[in-house]
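Q:
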Amino acid sequence: MERLPGFRDFYPEPLPHPDVWSADARQYIFDQWRKIARRYGFREYDGPPLEPLELFTTKSGEEIVGQLYNFKDKGDREISLRPEMTPTLARMVAAHERNYKKPIKWFAIPQLFRYERQQKGRLREHVQFNADLIGETDPAADAELIALLIDALRAFGLTAEDFVIRLSSRNAWQEFFKHGGGDHAHEYEFFQIIDKLERTPPDESEKKLSAMNFSLAKVNAFIDAGQPTVELETILKNLAARGLKDFVKIDYQVIRGLAYYTGVVFEAFDRKGEFRAIAGGGRYNNLVKLISGGKVDLPALGFGMGDVVLLELLKARKLLPKFDAPMDVFVLIEDENLRADSLKLVSDLRGAGYAVEYPLTPTKPDKQFKRAQELKVGHTAKLENDDYVRIRNAKTKNEIVTGLAGAKNHLAK
Ligand code: HAM
Numbered sequence: 007m008e009r010l011p012g013f014r015d016f017y018p019e020p021l022p023h024p025d026v027w028s029a030d031a032r033q034y035i036f037d038q039w040r041k042i043a044r045r046y047g048f049r050e051y052d053g054p055p056l057e058p059l060e061l062f063t064t065k066s067g068e069e070i071v072g073q074l075y076n077f078k079d080k081g082d083r084e085i086s087l088r089p090e091m092t093p094t095l096a097r098m099v100a101a102h103e104r105n106y107k108k109p110i111k112w113f114a115i116p117q118l119f120r121y122e123r124q125q126k127g128r129l130r131e132h133v134q135f136n137a138d139l140i141g142e143t144d145p146a147a148d149a150e151l152i153a154l155l156i157d158a159l160r161a162f163g164l165t166a167e168d169f170v171i172r173l174s175s176r177n178a179w180q181e182f183f184k185h186g187g188g189d190h191a192h193e194y195e196f197f198q199i200i201d202k203l204e205r206t207p208p209d210e211s212e213k214k215l216s217a218m219n220f221s222l223a224k225v226n227a228f229i230d231a232g233q234p235t236v237e238l239e240t241i242l243k244n245l246a247a248r249g250l251k252d253f254v255k256i257d258y259q260v261i262r263g264l265a266y267y268t269g270v271v272f273e274a275f276d277r278k279g280e281f282r283a284i285a286g287g288g289r290y291n292n293l294v295k296l297i298s299g300g301k302v303d304l305p306a307l308g309f310g311m312g313d314v315v316l317l318e319l320l321k322a323r324k325l326l327p328k329f330d331a332p333m334d335v336f337v338l339i340e341d342e343n344l345r346a347d348s349l350k351l352v353s354d355l356r357g358a359g360y361a362v363e364y365p366l367t368p369t370k371p372d373k374q375f376k377r378a379q380e381l382k383v384g385h386t387a388k389l390e391n392d393d394y395v396r397i398r399n400a401k402t403k404n405e406i407v408t409g410l411a412g413a414k415n416h417l418a419k
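Be aware that the sequence shown starts at 7, since it is given in the working numbering, and climbs by one per residue.
As structure tokens, this is what we get:
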């Protein structure tokens, strides 16, 4: 039986085949994300992987709706696997925001599902680090979130030479659209054309734009000028104060595909332009209100960083650590008469927090020793009799014989 296209199998290292993914690398990525989110005072939340279909069809925009894994459940409900986390977050915040001081700073590491055409950097399942800040309109919040995004990438050893945050604003585009005589009802349609500019042949974009009484030349001139809005200036200043100026640039080419964004938007890309977006986000000041049917009105912003492109980039820049999960102690059992006492030792050492391995069944001493080496253990321990244990440092080869109670103390040193 084959796995479904666009889905992944995660194996412990060393990987048995180039077509599988590393469970260790994935855990490493999750650990860095959690560490940096906590440093910025973000708390972890989670939601269900299945949601009512309607949560996504009304709020996310047509691109993502076309990619939904949706079906009817046995209770005849229209449901969908989550393609993104933001609508769930908006639903959860709206339900219980009164219990939390503002601004709410939350993060999650959800697995997401999109029926996309499988290609480099795009699969049908991925994991996203989501960080969102709710209840603050000041651009200081935008700067704080972008700083978190930068530090989340720096946590992996990436530098300003490896990636850049392309910063933009739908407010700037709104101004441009209104100024050019655009009809508000077609604004999102216009945004969609801008979003696809980089990936669409120019004459095709020109045709679409001129149907809305705009020209590609004017659009390009606006992008090239890249004049930051007052709000973007404030964010740039804030980031410069933190020494993060080199990680951001104004780039109006970015406008984001999702329908709910209302103001500042941004995307993280590798500098060489080899990969798809590493992360994307922005302000969505109306979503909580929309999802709560007008009951709760809170401004919000956030970003999502996928594990797929990030991993490709870390591999290409050789920034992944070695994953050999060494064990602390291997308990050798050469005399089967001492197995019961050895099991007690294994148990005690594990209870004291050490990672301990031992032969499950009677095994030749040389095989045990080889296994200990493969596991890169720090120490071997072998019972001499019911009372004494011989502990050997695998690196220095130093040995001591100590009473059972002394074993833990010796290892602690
Ligand atoms: P998004 O731009 O759709 O935003 O996704 C964010 C990131 O997730 C992308 O930059 C990419 O790295 C990764 N990603 C998306 N789709 C796939 C895929 N099919 N395969 C692999 N990686 C993928 C959102 O989802 C927003 N909800 C983010 C957000 C949070 N905005 C505000 N808060």
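Glycine is no exception: its CB is placed at the ideal position from the N, C-alpha and C atoms.
Keep in mind the model is a prediction, meaning the values are calculated, not measured.
Going by Cα to Cα distance, which pick from E237, E342, L338 is closest to D372?
A: L338
Q: Which residue wins for smallest C-alpha separation from D341, given the options Y290, P116, T369, S211?
A: If you compare the alpha carbons of Y290, P116, T369, S211 with that of D341, the shortest gap goes to T369.
Q: Once the 5 residues before and after Y46 are set aside, which same chain residues still bring their CB inside 6 Å of it?
A: L154
Q: Pull up the distance between the alpha-carbon of R345 and that of L417, whole angstroms please.
A: 21 Å
Q: Which residue marks the beginning of the alpha helix (DSSP H) containing A171, and which one marks its end?
A: In the sequence as displayed, the identity of residue 171 is Ile instead of Ala. Segment 169 to 175 is the beta strand (DSSP E) holding I171; no alpha helix (DSSP H) there.
Q: Can you round the beta-carbon distance between V170 and F253 to whole angstroms, since I take them to be within the 8 Å contact cut?
A: 7 Å
Q: Please report how far the alpha carbon of A283 lies from the alpha carbon of S211, in whole angstroms.
A: 21 Å
Q: So the beta strand (DSSP E) H385 belongs to, where does it begin and stop?
A: 385 to 389
Q: What residues in its chain sit with their C-beta under 6 Å from that of I110, if we drop five residues either side in the sequence?
A: I140, G141
Q: I'd like the list of long-range same chain contacts for D393, defined as Cβ closer than 8 Å, with 5 residues on each side in sequence excluded.
A: G409, L410
Q: Nearest-angstrom Cα distance between R172 and G312?
A: 17 Å
Q: Are the CB atoms of L118 and M91 within a distance shorter than 8 Å?
A: yes
Q: When DSSP labels each residue in this structure, what does F113 get in the three-state scheme?
A: strand
Q: Run through DSSP, which three-state label would S86 get?
A: strand
Q: Let me check one thing: in DSSP terms, what residues is Y394 bridge-paired to?
A: G409
Q: Taking its Cβ as the centre, do 16 or more other Cβ atoms sit within 10 Å of H132, making it buried, or is it exposed?
A: buried
Q: My output table needs one value for E60: the three-state DSSP class, helix, strand or coil.
A: helix
Q: Residues in its own chain within less than 8 Å of K251 by CB, not counting five upstream and five downstream?
A: Cβ within range, chain order: L242, L245.
Q: Expressed to the nearest angstrom, what Euclidean distance is found between the alpha-carbon atoms of R289 and Q233?
A: 19 Å
Q: If we require 3 or more residues per run, which beta strand (DSSP E) segments fall completely within the stretch 265 to 353?
A: 270 to 276, 285 to 289, 306 to 312, 335 to 338
Q: Could you say which of L238, G187, K213 lies nearest to A147 if we only look at CA atoms?
A: L238
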